[in-house]
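Here the structure is laid out as structure tokens; the discussion comes afterwards.
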Amino acid sequence: MMTTEVPRTARADRDSGVSMLVGAAVAALVLGLLLSLVGAFAAGAAAAFGALVGTALVVVVLGGSSLAVNLVAGVMPTAALMFALFTYTAQVVLMGLVFAALSGSGLLDSTLDRTWLAAAVIGGTVFWLVSQVVLVTRRRIPVFDLPPQGGER
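Residue numbering for the sequence shown follows this note's numbering, starting at 4 and increasing by one per position.
Okay, here's the thing in structure tokens:
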């Protein structure tokens, strides 16, 4: 396999990474809508609502934290990794709090189907991550810039 140098265009310089976040969100939304339709036909309204709530949870939590990391990386690139680790922890805590609130409210026993909600959260997260990796690798952003050839500065 041969690699070629791809010149950076003005569009690539302007793109802040939001297109990748939108692409990942769309992938998670499509999966969630499909799960909701399948759930409605297979197990009824509670399954459809569970899948919709799980999808909304994935898009809001992962989308919000990814957008926050993207903004921090644009302002202070050196703090991006630390902030990404913080947002990962916040995602886990937030998901746990939402599930605790849903269990305490009684919605998981009557209005929302636990299984379909969990399937939407797990499936949506996997789709989000895979689509984000695919979109990032397609952009071919160099990790570092090589020094100029011939000792020029």
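All C-beta atoms, glycine included, are put in the ideal place defined by N, C-alpha and C.
By the 16-neighbour rule on beta-carbons within 10 angstroms, Ala31 is buried.
In the structure shown, Asp116 falls within a coil segment according to DSSP collapsed to helix, strand and coil.
According to the DSSP assignment, Gln94 belongs to the alpha helix (DSSP H) that extends over 83 to 108.
Taking every protein chain shown into account, the CB of Val137 has fewer than 16 other CB atoms within 10 angstroms, so this residue is exposed. With respect to the 7 Å criterion, Phe89 and Val72 are not classified as neighbours on the basis of their beta carbons. By the Cβ-count criterion, Gln152 is exposed, with fewer than 16 other Cβ atoms from all chains shown falling within 10 Å of its own Cβ. By the Cβ-count criterion, Asp112 is exposed, with fewer than 16 other Cβ atoms from all chains shown falling within 10 Å of its own Cβ.
In the structure shown, Pro80 adopts helical secondary structure according to DSSP, grouped into three states.
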